[in-house]
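S.K.:
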Amino acid sequence: MHSTLPTASQALKVIALLATLASPLSAQPHDKKSQLSLDRIYNSTDFEGESLSIQWLTDSHGYTTLENGSSGQEIVRHDAITGARTILVSAHEVTPDLESSPIKIESYSFSKSLGKVLIYTNSKRVWRRRTRGDYWVLDRASGELRKLGGDLPASSLMFAKFSPTGNQVAYVHNRDIYVEDLREPRVTRLTVASSPFVINGTFDWVYEEELGLRDGFRWSPDGRSIAYWQIDTKGVRTFSLVDNTKGLYPTIHEFAYPKVGEQNAICQVGVADVSTQQTQWLNVDGDPRNHYIARMDWLDNQQIALQQLNRLQNTNRLLLAEAATGTVTECFIDQDPAWVEACDELVWIDNRETFTWTSERDGWRHVYLSDRKGNSRCATPGESDVIRLLHVDESGHWLYFIASPDDATCRYLFRQSFDGSALQRLTPPTETGWHNYSVSPDGRWAVHTWSSTETVPTIELVELSTHQTIRRLVKNKQLAKTWGEVNRNPVEFFKVELPSGHLCDGWCMRPPQMDKDQKYPLLVYVYGEPAGSTVTNRWSGGNFLWHQMMAQQGYVVVSIDNRGTKAPKGRTWRKSIYRQVGIIAPRDQAAAIGELLKQRSYLDPTRVGVWGWSGGGSMSLNAIFKYPDLYRTAVAIAPVPNQRFYDTIYQERYMGLPNDNPSGYRQGSPIHFAKALKGNLLLVHGTGDDNCHYQTTELLINELVKHNKKFSMMAYPNRTHSIREGSNTTLHLRTLMTDYLFEHLPQNGK
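As numbered in my numbering, residues 27 to 776 make up the sequence shown, in order.
1) Using only CA atoms, which one of Asp299, Ile330, Ser97 lies nearest to Asn309?
2) May I ask you to list the residues that DSSP assigns as paired with Arg215?
3) Just to confirm, are Asp411 and Pro594 a CB contact at a threshold of 7 Å?
4) Return yes when the Cβ of Arg441 is within less than 7 Å of the Cβ of Ile428, no when it is not.
5) Nearest by alpha-carbon distance to Glu409: which of Val418, Asp433, Ser396 is it?
6) Gly690 lies in the beta strand (DSSP E); which residues open and close that run?
7) For Ala617, which residues in the same chain have their Cβ closer than 8 Å to its Cβ, ignoring the five residues on either side in sequence?
8) Considering only the alpha carbon of each residue, which of Thr305, Asp362, Leu92, Met184 lies closest to Thr598?
9) Here's the rule I'm using: 16 or more other beta-carbon atoms within 10 Å means buried, otherwise exposed. How should Ser644 be labelled?
10) Tell me which residue opens and which closes the alpha helix (DSSP H) that Pro652 is part of.
11) Would you mind listing the beta strand (DSSP E) stretches within the region 533-586 that are 3+ residues and don't spill past its ends, in chain order?
12) Closer than 7 Å by C-beta to Pro467: which residues in its own chain qualify, once you throw out the five before and the five after it? Chain order, please.
13) List in chain order: all unbroken beta strand (DSSP E) runs of 3+ residues lying wholly within the region 128-173.
14) By Cβ distance below 7 Å, which residues in the same chain neighbour Gly459 in space, the five residues on each side in sequence not counted?
15) Over the uninterrupted beta strand (DSSP E) stretch that includes Asp323, give me the two end residues.
16) Among residues of its own chain, excluding the 5 on either side of Asn774, which ones have a beta-carbon nearer than 7 Å to its beta-carbon?
17) In this structure, how does DSSP classify Glu348 when only helix, strand and coil are distinguished?
18) Exposed or buried, His417, counting other C-beta atoms within 10 Å across all chains shown (16 or more means buried)?
19) If you run the structure through DSSP and keep just helix, strand and coil, what is Lys285?
20) Quick check: does the Cβ of Ile675 come within less than 6 Å of any heavy atom belonging to the ligand HEM?
21) DSSP state of Val512, grouped into three classes?
22) Between the C-alpha atoms of Tyr161 and Tyr254, what's the straight-line distance to the nearest angstrom?
23) Below 7 Å CB to CB, which residues in the same chain sit around Leu47 once its five sequence neighbours on both sides are set aside?
24) Secondary structure at Asp362, three-state DSSP: helix, strand or coil?
25) If you follow the alpha helix (DSSP H) that Gln615 is in, where does it begin and where does it stop?
26) Once DSSP output is grouped into helix, strand and coil, what is the label at Lys799?
27) Beta-carbon within less than 8 Å of His317's beta-carbon, same chain only, minus the 5 sequence neighbours each way: which residues are those?
28) Just the Cα atoms here: how many angstroms apart are Lys130 and Ser181?
29) Under the rule that 16 or more other beta-carbon atoms within 10 Å means buried, what is Glu536, buried or exposed?
30) How should Trp307 be labelled, buried or exposed, when 16 other C-beta atoms within 10 angstroms of its C-beta is the threshold for buried?
31) Answer with buried or exposed for Tyr275, where buried requires no fewer than 16 other C-beta atoms within 10 angstroms of its C-beta.
32) Quick check: the Cα distance between Gln99 and Tyr134, rounded to an integer number of angstroms?
33) Taking the Cβ atom as the reference point for each residue, do Asn342 and Trp365 lie within a distance shorter than 7 Å?
34) In chain order, what residues of the same chain lie with their CB nearer than 6 Å to the CB of Tyr628, ignoring the 5 residues before and after it?
35) In chain order, what residues of the same chain lie with their CB nearer than 7 Å to the CB of Ser385, ignoring the 5 residues before and after it?
36) How far does the beta strand (DSSP E) with Ile485 in it extend, from its first residue to its last?
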């Protein structure tokens, strides 16, 4: 069924109407404890459970939390064994002279001796995170509270951290690294950016977004040197974001953004002597524009370990650099015909002669014990994936890690001996679901968080080796009570076999009271790209509750992980989509939905809808364009309709270079199939999206107009990729989505 909106002007009128009329759901009273509503999900605290953020102390005997006391925030120490509670920093101690209110603590860190506390406050957002702000240091012995940065502007410091001695703090300001001495009022500029394109100690947009790098410098263990990344974006083409809402004339923000096949920034690593401010550059071979230094840290006072990816990201080299001379040697190499990723589980043992490394070289993601001579052996053999290495017990010869060999939707704690024997599951078998662990530095304790789709999060302190509970930290009794009162069916987890023989995991939410003689509309939630998965057995936030609300309203809601998603199902599963992003995934999704329609007679094959965000938005477009007879309605939020317009690191990792794979880029990009649209399409995008650019949605609009295709659209002025900035934005977006589905994928079958 086509959209009923015959012209672009009428489309805008309808969208405006939707924006001004409250959804019936948003008006439901809160005393209906069994019912979910938009207002209850997004405007109330009904489903805000208690959480816990901890920092382990270096001695592992306790951890700290940030708590609200009678006078303001306090940093509190909790003894791991006894549970005894001690206030380490009171609100009074972080109240500046001549001020009546304490500093609002956003994060904090201690010096190694615990004698000083570094406090972060007044933060500003930089791309995804609030990484620019003010820093204060509290000397716990003297009580002196000192603001760092001298006369530098407010909210302009980044990534401040104590030196190993605790006598200095280094931070980034305006693309350069500074060192401030805490024993005297002296600030030393350690680097000097030679041009507006040079960035010292932090990163450009693409390194931050796709390699997870923000903090770009490291103190040496002896505190005499700082190793740092330098990015030079000269020659990288810039992208412009236009803000039409801040004044009479537009504001334009330009930033370096290398799109697929375009020139990258130069990246190099230097070692700055803190006393002389002189930098020794590391002599890493390879074109610095076509290689990525994905990880870097000190091995000891003399050596630095680096990980270098080539541009295709199918080779990761572990390099060892001499800090004094800049000489670099290759220590280890990992390769894959598709792609490899930076290793975040690199742990040095045996006096730094042996290290852990995760690789998929035998078809599964395993931990390998490797040495500097090139010898390597698998320490976690078997046909299952190690999802994440948590801790290496060198004295006991144990590896602790997250895995789920029998169910890709769950996460459990295992340990295995260095020699590959004695695999043990430590998470209790009765606790089905999703488990996270924050392990103490000595590996004796862990703060354990458990949830599932039927179990609200609970948090406890456990002994790591036995998983014995020491004490419950968070029970979330009120959230459990509130959730227990909601009228719903339990989430069903299922497997569906594709015609190809592959088994896909999925979940299904059904209306609470189903009529066996009634047909129900099917709403599919999709992501489908290599960066994540949607079929997980855990308690989550807004999407989870919104899907449950839609089930209450008479929809069957499902989500399916196609091949290529980041599920622990082996290398072949994950990398089968290499050079075919946007090709295999929508095919798998359509085949899986087709099987469900055959198997479940209560599903109406004429009322199938799909929605997704980011990569899921692109998948939703591919679904309704490539399979127009299957999907009746699609809601695509912040999509990338043309893969050629996304960034180098992400898209080239999975698709290769565009000149080497022109057919793949074309066949995977939904814009080239827009002319096949038959059903109802709602496009949503923030015009300030620095990630998946609004530009790509405008290009899709042109293509739809070219083929006289009717669609609906909502642009959120100056909102970023998350579309959450500004008053009421989230509720407005969810109201828009809900009302659109009510109209174009109706519950009553009309």
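Every residue gets a Cβ at the ideal spot worked out from N, C-alpha and C, and that includes glycine.
M.R.: Looking at the atomic coordinates:
1) For the purposes of this step, residue 309 is identified with residue 283 of the sequence shown, where counting begins at 1. The residue with the shortest Cα to Cα distance from Asn309 is Ile330.
2) By one-based count along the sequence shown, residue 215 stands at place 189. Beta-bridge pairing links Arg215 to Tyr204.
3) Within the sequence shown, residue 411 is the residue found at index 385, counting from 1. Within the sequence shown, residue 594 is the residue found at index 568, counting from 1. The answer is yes: Cβ separation under 7 Å.
4) Position 402 of the sequence shown, counting from 1, holds the residue named residue 428. Position 415 of the sequence shown, counting from 1, holds the residue named residue 441. At least 7 Å separates the beta-carbon of Ile428 from that of Arg441.
5) As a position in the sequence shown, residue 409 is number 383, starting the count at 1. Minimum Cα distance to Glu409 is reached at Asp433.
6) Taking the sequence shown and counting its residues from 1, one reaches residue 690 at position 664. Per DSSP, Gly690 belongs to no beta strand (DSSP E); it is in the alpha helix (DSSP H), 688-694.
7) Locating residue 617 in the sequence shown gives position 591, counting from the first residue. Take Ala617, set aside five residues on each side of it, and the residues of its chain with a beta-carbon closer than 8 Å to its own are Leu524, Pro525, Ser526, in chain order.
8) Here residue 598 refers to the residue found at position 572 when the sequence shown is read from its first residue. Closest by alpha carbon: Asp362.
9) One-based indexing of the sequence shown puts residue 644 at position 618. So Ser644 counts as buried.
10) In the sequence shown, the residue the question calls residue 652 occupies position 626. It should be pointed out that residue 652 corresponds to Lys in this sequence rather than to Pro. It spans 641-652 - the alpha helix (DSSP H) in which Lys652 sits, taken as one unbroken run.
11) If only complete runs of 3 or more residues are kept, the region 533-586 shows the beta strand (DSSP E) at 546-551, 582-586, in order along the chain.
12) For the purposes of this step, residue 467 is taken as residue 441 along the sequence shown, with counting starting at 1. Result list for Pro467: Trp82, Thr84, Ser86, in chain order.
13) List check, beta strand (DSSP E) in window: 133-136, 142-152, 155-165, 171-173.
14) On the sequence shown, position 433 is the one that residue 459 refers to. Result list for Gly459: Cys436, Trp476, Ser477, Ser478, Thr481, Asn563, Arg564, in chain order.
15) Within the sequence shown, the letter at position 297 stands for residue 323. Where Asp323 is concerned, the enclosing beta strand (DSSP E) stretches over 317-324.
16) Start at 1 with the first residue of the sequence shown, and residue 774 comes out as number 748. Answer for Asn774: no residue qualifies.
17) Here residue 348 corresponds to residue number 322 of the sequence shown, with the count starting at 1. Glu348 falls in the strand class under three-state DSSP.
18) Within the sequence shown, residue 417 is the residue found at index 391, counting from 1. His417 is buried by the Cβ-count criterion.
19) Translated into positions along the sequence shown, residue 285 becomes position 259. Look at Lys285 here: in three-state DSSP terms it is strand.
20) In the structure on display, the ligand HEM does not appear, and there are no ligands present to speak of.
21) Here the question's residue 512 lines up with position 486 in the sequence shown. It is coil, neither helix nor strand.
22) Counted from its first residue, the sequence shown places residue 161 at position 135. Counted from its first residue, the sequence shown places residue 254 at position 228. The straight-line gap from Cα to Cα measures roughly 20 Å.
23) Position 21 of the sequence shown, counting from 1, holds the residue named residue 47. Because Leu47 sits at a pLDDT of 37, beneath the cut-off of 50, its placement in the model cannot be relied upon, and the point is left open.
24) Counting from 1 along the sequence shown, the entry for residue 362 is found at position 336. Three-state result, Asp362: coil.
25) Translated into positions along the sequence shown, residue 615 becomes position 589. Under the DSSP assignment, Gln615 falls in the alpha helix (DSSP H) whose first and last residues are 610-625.
26) What is shown of the chain runs 27 to 776, which leaves residue 799 out entirely.
27) As a position in the sequence shown, residue 317 is number 291, starting the count at 1. Non-local beta-carbon contacts of His317 in its own chain, meaning distances under 8 Å to residues more than five positions away in sequence, involve Cys293, Val310, Gln334, Leu335, Asn336, Arg337 in chain order.
28) In the sequence shown, residue 130 corresponds to position 104, counting from 1. In the sequence shown, residue 181 corresponds to position 155, counting from 1. So the two alpha carbons sit approximately 13 Å from each other.
29) Along the sequence shown, read from residue 1 onward, the residue named residue 536 stands at position 510. According to the sequence as given, residue 536 is Arg; it is not Glu. Counting of Cβ neighbours within 10 angstroms places Arg536 among the buried residues, the total reaching 16 or more.
30) Position 281 of the sequence shown holds residue 307. Classification for Trp307: exposed.
31) Along the sequence shown, one-based indexing puts residue 275 at 249. Exposed is the label assigned to Tyr275, since fewer than 16 other Cβ atoms lie within 10 Å of its Cβ.
32) Locating residue 99 in the sequence shown gives position 73, counting from the first residue. Locating residue 134 in the sequence shown gives position 108, counting from the first residue. In a straight line, the C-alpha of Gln99 is about 12 Å away from that of Tyr134.
33) In the sequence shown, residue 342 corresponds to position 316, counting from 1. In the sequence shown, residue 365 corresponds to position 339, counting from 1. Going by C-beta atoms, Asn342 is not nearer than 7 Å to Trp365.
34) For the purposes of this step, residue 628 is identified with residue 602 of the sequence shown, where counting begins at 1. Result list for Tyr628: Tyr546, in chain order.
35) As a working mapping, residue 385 is identified with position 359 in the sequence shown. Same-chain partners within the cutoff: Asp360, His392, Tyr394.
36) On the sequence shown, position 459 is the one that residue 485 refers to. If you look at Ile485, you'll find it in the beta strand (DSSP E) that goes 481-489.
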